Structure formats: structure tokens, C-alpha cells
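> Residues in the sequence shown are numbered from 1 upward in steps of one, following our numbering.
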Amino acid sequence: MILVDGQAATSVDVADRGLAYGDGLFETIAWHHGAALALDAHLARLGADARRLGLEAPPRELLEAEIRQLGRGRASGVVKLLLTRGSGGRGYRPARPAKPRRIVSMHPWPQLPAADAALEAWLCRHPVSVNPAIAGIKHLNRLDQVLASAEWPDEACFEGLMCDVDGNLVEGTRSNLFVRRAARLLTPGLERAGVAGIVRAAVLAAAPALGLRCEIRTLAPAELAAADELFVTNSIIGIRSLARVRGHADWVFTARDCAEQLAAHLRGQGVVA
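This is the structure we're talking about:
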């Protein structure tokens, strides 16, 4: 079922600016045991990102009610919440005032690899576009991720790792990246590019209690060779260890204890399924 501005629908106006220009943003939320996980964090990010784009976010109570409506009777699923600038305006210039359009949909929970699967990632050549003005936002323009996802040659790869135009690691095509070296947990900064993930924030908050020292900094691909452990995060896959990175390099990782501890901790907090 799909709700467009609160009404059941199967289509959207072809003049919608989200379709025409990627003018909007979205949230992907896990529905688990009849509840939306980390909903406070998702709606807070939606509101903050909407303000950065000059959009008025819908009232929280309205979004919660629509998510509950779609989730009624379902044990699990994936909620997708889109907010566009709506229709109207001449060319790129938006209408003033804009009338945002919200689209809320529920999808089946995906078939994910087993928790102990030896997952592989591909080091992509297509870069993440650098733009500090919209860095961190989960906006609708995902062309970089589409092109990068087309690079890996087989279905053995679970994820692709993306760099910026300077060749420094930023994120996965659909995830954030963490590198453990002893008791240090490294993750790329997102001031210039990338998406500030909900699970990424939760990992950074939880890590010190597990004896890890977090460092948000520039991270070159060559540094992966010295990593003890590598994992990626998002709201649907949770925290997933990587056993190998291929592409124009080939690195193997065997440790997964940090990822498993963090995953157990965040499951207990209701952040991941």
C-alpha cells in the first residue's frame, strides 16, 4: 500500500519535482515486531534535512499515524518515506510557496545474508559527488550510487565502497563504513559528501562504552590493508562485517567481534532488527 499525501494511491503527478529533478529527500525505516525502529531519529533527520532544503516537513503526528496505518497487521517490513517539493515552478526554479508532497509506502522485509556470512564489497571507481551544501542529506539524487552499483561484476558482492573525487573513502553505495584498528574505530567524515546514517550515529554514540575510541577523519583506501575489521551499517542491514574487499585491490578481513558486539548493543536499544 502507498499513501500519497495521506490518500491511498498507485501513481504520482508526473510533474512532481522529486521525479523531475530529485528535489526532495527520503527515509528508509525498519518495521520490526510491529514497530518502526529508531523512529525518533529518522523523523528528526527528516525535519533537519528538510529545513536545509527549504522544505516544510509534515507534522510528526501525521507521519507516525500514516506509518502505523501501513504497518497494521505486519510483523516486519521496510517503510519508505519520501518528501518532495511537490509540483510546480518554472524549470528548476521552485514555486513559492512550495506545496511539499509526502509519499509513504511499506515494502516486504528483504532476504538478507546470514549474520555470519562472509560478505564481500567492491571498491568502486565512480566517485561520490562533493557538495558541502547538501552533504549528509539523504536526498533523492542517487545517480552516483546507481552508477557505482553497476560496477561489480557478480552477485558475490554485498556492497560497493565509494570514494570522493580526491580518492578518499566516503561510504558504501547504501551504507556507512567503519574500520577498526585495535581499539580505534575509524569512519570517514561527511562534511563534503555522503549520507549521515542513523545507524552510523548510533554506532558512534555506543562505541565508547565498548572500549572503542572513535575517529572521524579522512580515510584513504590503502589504509584498509592495515585494518583488523571492516563493517558497514544502515537501518535495514544493521551492522554487517565485510570479509573481503575487491576491485582495484584485494583485501581480506577475518575479525568480526566488534561488529557483533555493536549489533547486539543496538538491537537491545531498538535501533536495528
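Beta carbons: idealized from backbone N, C-alpha and C, even for Gly. The model shown is predicted, which means the values in this text are computed figures rather than measured ones.
Could you check what DSSP says for residue 277 in three-state terms: helix, strand or coil?
Since the first residue shown for the chain is 1 and the last is 273, residue 277 is missing from the structure and cannot be characterised.
> Of all the options 245, 125 and 143, which has the alpha carbon lying nearest to the alpha carbon of residue 165?
The residue labelled residue 165 in the question sits at position 165 within the sequence shown. The shortest C-alpha separation from residue 165 is found at 125.
> Out of 117, 161, 147 and 200, which has the shortest C-alpha to C-alpha gap to residue 256?
What you label residue 256 is simply residue 256 of the sequence shown in a count that begins at 1. Closest option to residue 256, Cα to Cα, is 117.
> Quick one: what's got a C-beta closer than 8 Å to residue 194's C-beta in the same chain, skipping five residues either side?
Taking the first residue of the sequence shown as 1, we reach residue 194 at position 194. The residues are 128, 135, 136, 170, 171, 176 and 188.
> At 3 residues or longer, what runs of the beta strand (DSSP E) sit wholly inside the region 140-180?
Runs of the beta strand (DSSP E) inside the region 140-180: 157-163 and 169-172.
> If residue 213 sits next to residue 183, beta carbons under 8 Å apart, how far is it from one beta carbon to the other, in whole angstroms?
Taking the first residue of the sequence shown as position 1, residue 213 is located at position 213. Taking the first residue of the sequence shown as position 1, residue 183 is located at position 183. Sure, about 6 Å apart at Cβ, within 8 Å.
> Taking residue 163 as the reference, give the member of 107, 197, 140 and 220 with the closest Cα.
Here residue 163 refers to the residue found at position 163 when the sequence shown is read from its first residue. Of the candidates 107, 197, 140 and 220, the one whose C-alpha sits nearest the C-alpha of residue 163 is 220.
> Looking only at its own chain, which residues have a Cβ that is under 6 Å from the Cβ of residue 141, when we skip the five neighbours before and after it?
Here the question's residue 141 lines up with position 141 in the sequence shown. So the qualifying residues of the chain are 22.
> Judging by CA-CA distance, which residue of 94, 68, 209 and 223 is the nearest neighbour of residue 180?
As a position in the sequence shown, residue 180 is number 180, starting the count at 1. Ranking the options by Cα distance to residue 180, first place goes to 223.
> Going by the DSSP bridge assignment, what does residue 7 pair with across the sheet?
Numbered from its first residue, the sequence shown carries residue 7 at position 7. Paired residue(s): 4.
> May I ask which residues mark the beginning and end of the beta strand (DSSP E) holding residue 238?
Sequence index remark: in the sequence shown, residue 238 carries index 238 (1-based). Residues 238-247.
> For residue 56, does the three-state DSSP call read helix, strand or coil?
In the sequence shown, residue 56 corresponds to position 56, counting from 1. Residue state, collapsed to three classes: coil.
> Indicate whether the contact test is met: 3 or more Cβ pairs, each with one atom in the region 66-79 and one in the region 91-110, closer than 8 Å.
Yes, they touch.
> Assuming residue 80 and residue 26 form a contact by the criterion Cβ under 8 Å, report the distance between their Cβ atoms to the nearest whole angstrom.
Counting from one through the sequence shown, the residue named residue 80 turns up at place 80. Counting from one through the sequence shown, the residue named residue 26 turns up at place 26. Going by Cβ atoms, the distance from residue 80 to residue 26 rounds to 6 Å, so yes, they are a contact pair.
> Under 8 Å, with one C-beta from each stretch per pair, do the region 40-53 and the region 150-162 reach the 3-pair mark?
Flag = no, the region 40-53 and the region 150-162 do not touch.
> Can you name the residues that DSSP bridges to residue 215?
On the sequence shown, position 215 is the one that residue 215 refers to. Bridge partners of residue 215: 186.
> Taking the beta carbon of residue 226 as the centre, do at least 16 other beta carbons fall within 10 Å, making it buried, or is it exposed?
On the sequence shown, residue 226 is found 226 positions in, with the first residue counted as 1. Under this definition residue 226 is an exposed residue.
> Per DSSP, residue 253 is paired with what?
For the purposes of this step, residue 253 is identified with residue 253 of the sequence shown, where counting begins at 1. None; residue 253 has no bridge partner.
> Along the chain, where does the beta strand (DSSP E) containing residue 112 start, and where does it finish?
For the purposes of this step, residue 112 is taken as the residue at position 112 of the sequence shown. Neither: residue 112 is in no beta strand (DSSP E) and is coded neither H nor E.
> Just to confirm the assignment, what range does the beta strand (DSSP E) spanning residue 79 have?
If you number the sequence shown from 1, residue 79 lands on position 79. Per DSSP, residue 79 belongs to the beta strand (DSSP E) from 76-84.
> Which stretch, first to last residue, makes up the beta strand (DSSP E) that contains residue 25?
Taking the first residue of the sequence shown as position 1, residue 25 is located at position 25. First-last of the beta strand (DSSP E) with residue 25: 24-32.
> Just how far apart, CA to CA, sit residue 7 and residue 241?
In the sequence shown, residue 7 corresponds to position 7, counting from 1. In the sequence shown, residue 241 corresponds to position 241, counting from 1. The straight-line gap from Cα to Cα measures roughly 40 Å.
> Is residue 198 near residue 235, with beta carbons less than 8 Å apart?
Within the sequence shown, the letter at position 198 stands for residue 198. Within the sequence shown, the letter at position 235 stands for residue 235. Contact: yes.
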